[in-house]
Structures are given as structure tokens and as C-alpha cells.
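Everything on this sheet refers to the single structure shown next.
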Amino acid sequence: MIKIKTLLVGINAKYIHTSLAVRSIEMYCKENNTNVSTKEFTINNDEDKIINEIYEEKPDFLGFSCYIWNINIILEIISTIKKLLPNVKIFVGGPEVSYEYDYIFEKGIDIVCIGEGEKTVKELIDRFNEKKCIDKSFENVNGIAFKLENDIIVTKDRDLLQLDEIPFVYKNGLEGTEHKILYYEASRGCPYSCQYCLSSLEKGLRFLSEKRVKEDLDFFLKNNVKQVKFVDRTFNCNKKFALLIWNYLIDNDNGITNFHFEISADIVDDDMLNVLKNARVGLFQFEIGVQSTNDATLDEIKRKTNLQKLFDKVDKIKNLKNIHQHLDLIAGLPFEDYDIFKKSFNDVFNVYPEQFQLGFLKLLKGSGLRINAEKYGIVYKDKAPYEVLYTNLIDYDKMNMLKNIEEMIEIYYNSGKAINTIKYGIKFFNSPFDFFEQLVTYWVKNNYNNISHSKMKLYEVIYDFFKDIKDIDNNVLNEIVKFDILLNDNIKSLPVWVNTKYDNNFKDKERKFYNNKENIQKYIPHLEKYDAKQISRMCYFEEFSIDIEKMINSNFNLINKEEVYILFDYNTKNDLIYKVKYHYLERGTFNET
Numbered sequence: 027m028i029k030i031k032t033l034l035v036g037i038n039a040k041y042i043h044t045s046l047a048v049r050s051i052e053m054y055c056k057e058n059n060t061n062v063s064t065k066e067f068t069i070n071n072d073e074d075k076i077i078n079e080i081y082e083e084k085p086d087f088l089g090f091s092c093y094i095w096n097i098n099i100i101l102e103i104i105s106t107i108k109k110l111l112p113n114v115k116i117f118v119g120g121p122e123v124s125y126e127y128d129y130i131f132e133k134g135i136d137i138v139c140i141g142e143g144e145k146t147v148k149e150l151i152d153r154f155n156e157k158k159c160i161d162k163s164f165e166n167v168n169g170i171a172f173k174l175e176n177d178i179i180v181t182k183d184r185d186l187l188q189l190d191e192i193p194f195v196y197k198n199g200l201e202g203t204e205h206k207i208l209y210y211e212a213s214r215g216c217p218y219s220c221q222y223c224l225s226s227l228e229k230g231l232r233f234l235s236e237k238r239v240k241e242d243l244d245f246f247l248k249n250n251v252k253q254v255k256f257v258d259r260t261f262n263c264n265k266k267f268a269l270l271i272w273n274y275l276i277d278n279d280n281g282i283t284n285f286h287f288e289i290s291a292d293i294v295d296d297d298m299l300n301v302l303k304n305a306r307v308g309l310f311q312f313e314i315g316v317q318s319t320n321d322a323t324l325d326e327i328k329r330k331t332n333l334q335k336l337f338d339k340v341d342k343i344k345n346l347k348n349i350h351q352h353l354d355l356i357a358g359l360p361f362e363d364y365d366i367f368k369k370s371f372n373d374v375f376n377v378y379p380e381q382f383q384l385g386f387l388k389l390l391k392g393s394g395l396r397i398n399a400e401k402y403g404i405v406y407k408d409k410a411p412y413e414v415l416y417t418n419l420i421d422y423d424k425m426n427m428l429k430n431i432e433e434m435i436e437i438y439y440n441s442g443k444a445i446n447t448i449k450y451g452i453k454f455f456n457s458p459f460d461f462f463e464q465l466v467t468y469w470v471k472n473n474y475n476n477i478s479h480s481k482m483k484l485y486e487v488i489y490d491f492f493k494d495i496k497d498i499d500n501n502v503l504n505e506i507v508k509f510d511i512l513l514n515d516n517i518k519s520l521p522v523w524v525n526t527k528y529d530n531n532f533k534d535k536e537r538k539f540y541n542n543k544e545n546i547q548k549y550i551p552h553l554e555k556y557d558a559k560q561i562s563r564m565c566y567f568e569e570f571s572i573d574i575e576k577m578i579n580s581n582f583n584l585i586n587k588e589e590v591y592i593l594f595d596y597n598t599k600n601d602l603i604y605k606v607k608y609h610y611l612e613r614g615t616f617n618e619t
């Protein structure tokens, strides 16, 4: 019997992403003697390039994994592919098509896979191999909708798999994943019922076995993978399972791999903290969804969060000084006007997470908020990702201001470019939100929003913005901006607008430092094999008129105006806060030997 050719296509949001769904289905099919091939692209690839590569494969059965970030380009591709390969049968799956699918059959699609896809796709391929056409017998494949003549037939729900039945998706190696994030799934389901999310629609929680999860983690560790992102919706909802994995990763740390988890901070307990304190700096990253600090909003969206516990645990994790925390906030939720959102913003920003994600509500198909959007006065875009335009409490102008604030956060805070400058400058405003709001006004007024900027220009803009703020000490501001610049970029020289009041002996001190072997052994021993000139290219020697570190450690309250010398080492990364390591230099280091 001639077998059909099946091609699964994943279209990722970015080059560094990988398609877990496509890989999981591929591995399940192959493990169960059903042959498939896969291709991955990104939404930034040329559409014609994607079409040509699919066309060259000449598939009989073509499947796409559909999400809010790729559905638009997928529908365009399908429209063209149907003209080029009129006999190809097309199936789609994923959250974007699992809850509203009647319209999808008008787009040239033959079958929709609803919910979990591994076993469904295998059975579809096997059935199509037998029949070579779509007929009434497809009613026996659970978890699909398909069009037969003029009728849309929806079959029974698919029984959920035991997760150990699904092979490890990277079982056959890591070819094609170089410089990419690897996604990993140790559990499926979510115990919560958040109305903006689809995870709550999947009933029950399932976990990989201890044996299996350890084998999978060993693979990542032995292959020195750079980053693994767990896609488990609330990783620490099962305390025993979370502790098992965290302990195993700490005990078997390879010193390279970083693991990213989505957690609920309010259910972190002392047992978890006692384990986490032993993690290498940079081993773990936590993404923590706060979404809102307005109780009425949290109640309405059915998000059960103890905010007091959440912020207490975020603070305790922060004090461990070894885990990067990424806190999320959503604009456009019910019962949240501009002032209430402002409070939520300040509540979250004031804990100074390593990343602060200001997101905008997406009305996902199947979600409670999409179903009740009219009730809440939420108006959103017709096309994916169905992002909120305005609500009955936040108009479009205010929502646009929040968009601009998001941009400023990305440019200056999340990038790490001006983190200390911001922390210092915010003290001269009523709140973090007021600062960002005024920065946006300044940015737009000067037309900075319509042109691209170099790194140094971005520093100059925020420096110019702050220096005219009442009561700010411009000398202190200058030193902090200078510190932020040198923390982020190995530059040949500081820009001319940075004030550098060097004494006549500064260059001589710098030369003596680099020529003193004891200095190199003490501060930067990993550079001993290089000569002084080479080392000077890999480091930056700078004088400051205030003790920067004391000021930062005092939350910018204690400003000691004293001369200090700092060496920035661009050969060594700081895994948590800054991009480089720096060293305070003792006075005696300027003697030449």
C-alpha cells in the first residue's frame, strides 16, 4: 500500500523559539509507527518562502499548529497552497482553532483537531492512509471536526493521554535548535479558572513520572542546553513535583543551563525557599503573573491570588539574590479604570523585578472574557491576537498612553540599560507610573517616537529628561548614567555629553593598574594570559565622584561624594542583574610593578 505523505508545519513567533506541539506530535506518531515530517518557520519569514518549501514537499496531508501569533499568516498560506496543490487535505489544531471552528472550513481547511493532538493526528493519518479521502468513517476519530458535503461533523471528545505515553520530543537529538530556546512540558492542565486564559478549560492535572522527568532533564543537562522553558501553566501547584524537579536540577547543575518556570508566588512556602536558596545564580527564572492588584478585578476574572503573600514571597525570592523574577500585569481587565490600573502598576513596579511585563488583554477564543466582552465593555481587534482597544473604563487615548509606557519600560528598564538611572530618578516623582507617564510625554513631544535611536542616544534622551527635573542632583545623575552605560556596553570612550572630571593623573593611574600583575591576579585572573593593552580593550577603568554601590544598596538614599575607581570586566557576565561584573579598586592598585 502506498502511504500518504504527511507534513506538519509550525510557525513560531521568533527565530529563537521552537514548536513544542509539532515536535510532540511528530515524536508520538513515529513512536507508534506512523510516519510524518515537519518544518518550522517564523512569522517573520517571507510568506512566499514558506509556501515554496511546503510546495516542494508535495504533501498529501498537511497540518498546521495554530496560535494567536500565527493564525493570520497560516490562513494566507493555506489559501495559496490550495491553489498550488488542489488535492492536498489540510488539518489544523491548537488553541486558536479548538473553540471556534465553524468559520475555519470556509478557509480551505478540511479537518480541525480539537484539544490534545498527539493521538488524534496519528489516527487521522492512519485513517487517511486507508481511505485516501475524507468520508463518514472519520466519525470514529475522536477529537475532530470535519466537513462532509454541507455538514460539519464534530466527533466525541478525545480521552486524555498519560503523559509518559508521549515520547521526549528531543529524543532524536537537537539538530536545528542551536541558539534557540527549548520548550519542555512536565505537566498538563491548570488548577485555576482565570477567565482570560484557556488552560482552565482542560480538566484535570497530569504529570510525567519521576523516572521520566529525570531522564528528560538529564538530556538537557548533558547537552549543555542554554535555556529550557517549562510550559507548565502553574509549575508549583504540586509542591512535591516542583520540589522534586528543583532539587534534581540543583543537585545536577551543569553550570550552564537556565530553566524558566511559570509559578504562583503566593503558594511558595518555606520548604520551597529552603530549596531555592541553594540554586546557582542564573539557574532558575520565575515568571509570576500578578495581572492586577484590584480585588474586584481578581474576583471577576476568577483569579485566586493572595496578594499579600504574593508580594511577600516575591520579596523573599528577591532576597535570595539568585533567581531572576519576571512579573506580569495585564491592562484592559474588568473593573479596572486608569487610576486603579495605575495603582496595580505601582504595586508591581515598586518591588523592582528583574523584568516587568506590561501586557494588554487578548480576548482568546473560548475564554470567559471573550464570551462576556460586551458585558464588560471590552472592545478588541477583530484579527488575532484580538488585543483590547479600549474598555468602558479605559478609553483608547489612555490605552495608547499605556502602550507608550510599555515601550519605555522595554527600552529602559527590561533591557537593563538604565535600571539604576530609573531607580534614582523615580524618587523625584510621586510614583513610578507618574515618572513613566511624564517620560512618554517628553518622548512624544520631542518626536523620539518616530525615529530609531542608537544606544548612546537613548542614554542621552533619558539624561536630558531627568536633568531638568526639580531638585535632582545633576552630578549624581551624571555618575549614575555613566555607571549604567558602562554596565551595558564595552565602549572605547564615553559620549561627550557625559561629564568626566578626571584629574591630571587619571591616565597614568589607568596605565599603572593594567601593568601591575598583582592587580590582574586579584581582580581579573582569567585575563592573566593577555598583555596590558589587550586587557584594556576587554575592560573599562573609570573614576566616579560618588560611591555608586553604597548608593544603590541604600536604595539611593545615601549619597557619599567620594572619589572611587571601578573596573568593568566585559569578559565575565553577571547572570542575574547586570550584563557585566565590576570591581571596586583599592587605592594601592595604581602602583606599577
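Under this note's numbering, think of the first position of the sequence shown as 27, with each following residue one higher. Note that CB positions come from ideal geometry on N, CA and C, so glycine has one too. This structure is a prediction, so every number in the text was calculated from the model and none was measured.
| said: Only counting the same chain, and skipping five residues up and downstream in sequence, which positions put a Cβ closer than 6 Å to that of residue 322? | reply: 361
| message | One question on the structure: do residue 73 and residue 44 come within less than 8 Å of each other, judged by their Cβ atoms? | response | no
| Which partner residues of residue 413 appear in the DSSP bridge assignment? | BP columns for residue 413 point to 388.
| query | residue 89 lies in the beta strand (DSSP E); which residues open and close that run? | reply | Taken as a continuous stretch (DSSP letters only), the beta strand (DSSP E) holding residue 89 covers 87-91.
| For residue 66, the three-state DSSP class (helix, strand or coil) | strand
| task | Measure the C-alpha to C-alpha separation of residue 471 and residue 445 and round it to an integer number of angstroms. | result | 23 Å
| Taking Cβ to Cβ, would you say residue 487 is nearer than 8 Å to residue 427? | no
| query | For residue 213, which beta-bridge partners are listed by DSSP? | reply | 233
| query | Can you tell which of 87, 506, 538, 565 has its C-alpha closest to the C-alpha of residue 518? | reply | 565
| field | Closest by C-alpha distance to residue 411, when choosing among 241, 92, 538 | value | 92
| field | Any 3 or more C-beta pairs closer than 8 Å across the stretch 592-599 and the stretch 550-564 | value | yes
| Closer than 8 Å to chain B by CB, residue 607 | Annotation note: the requested chain B is absent from the structure, which comprises a single protein chain.
| message | I believe residue 81 touches residue 111 by the beta-carbon criterion, under 8 Å. Please report the beta-carbon distance rounded to the nearest angstrom. | response | 7 Å
| residue 36, DSSP secondary structure in three states | strand
| said: Count Cβ pairs between the stretch 200-211 and the stretch 165-185 that sit closer than 8 Å; are there 3 or more? | reply: no
| said: Just to confirm, is the Cβ distance from residue 352 to residue 383 under 8 Å? | reply: yes
| query | So, is residue 272 buried or exposed, given that buried needs 16 or more other C-beta atoms within 10 angstroms? | reply | buried
| query | Would you call the CB atoms of residue 442 and residue 330 closer than 8 Å? | reply | no
| query | Who are the near neighbours of residue 95 in its chain, counting only those whose CB is closer than 7 Å to its CB and skipping five residues on each side? | reply | Within the same chain, 39, 69, 411 come within 7 Å of residue 95 by CB-CB distance, once the 5 residues on both sides are set aside.
| query | How should residue 613 be labelled, buried or exposed, when 16 other C-beta atoms within 10 angstroms of its C-beta is the threshold for buried? | reply | It counts as exposed.
| task | Express the C-alpha separation of residue 282 and residue 164 in angstroms, rounding to a whole number. | result | Annotation: residue 164 to residue 282 spans about 48 Å, alpha carbon to alpha carbon.
| Roughly how many angstroms separate the alpha carbons of residue 229 and residue 454, rounded to a whole number? | 49 Å
| Can you list, in chain order, the stretches of the alpha helix (DSSP H) that have 4 or more residues and sit fully within the stretch 540-590? | Runs of the alpha helix (DSSP H) inside the stretch 540-590: 543-549, 558-564, 574-579.
| Looking only at its own chain, which residues have a Cβ that is under 6 Å from the Cβ of residue 47, when we skip the five neighbours before and after it? | 91
| message | So if DSSP puts residue 180 in a beta bridge, which residue, or which two residues, is it bridged to? | response | 171
| said: Alpha carbons only, please: which of 136, 496, 141 is nearest the one belonging to residue 176? | reply: That would be 136, whose Cα lies nearest to the Cα of residue 176.
| said: Taking the beta carbon of residue 178 as the centre, do at least 16 other beta carbons fall within 10 Å, making it buried, or is it exposed? | reply: exposed
| query | Where does residue 144 land, buried or exposed, given buried means 16+ other C-beta within 10 angstroms? | reply | buried
| DSSP-derived helix/strand/coil call for residue 357 | Note: residue 357 maps to strand in three-state DSSP.
| message | Check this for me: beta carbons of residue 221 and residue 395, under 8 Å apart or not? | response | yes
| said: Suppose only complete runs of 4+ residues qualify. What are the alpha helix (DSSP H) ranges in the stretch 395-443, listed by chain order? | reply: 399-402, 422-434
| alpha helix (DSSP H) segments (min. 4 residues) lying fully within the stretch 72-138 | Considered as a whole, the stretch 72-138 harbours 73-83, 97-110 as its complete alpha helix (DSSP H) runs of no fewer than 4 residues, in chain order.
| request: Using beta-carbon positions only, say whether residue 356 and residue 349 come within less than 8 Å of one another. | output: It is not a contact, given that the beta carbons lie outside the stated cut-off.
| request: Compute the beta-carbon to beta-carbon distance between residue 528 and residue 507, rounded to the nearest angstrom, for a pair I have assumed lies under 8 Å. | output: In fact, because the Cβ distance is near 17 Å, the residues do not count as touching under 8 Å.
| message | For residue 468, tell me which candidate among 481, 498, 430 has the shortest Cα-Cα distance. | response | 430
| task | Between the Cα of residue 116 and those of 126, 105, 122, spot the shortest distance and give me the residue it belongs to. | result | 105
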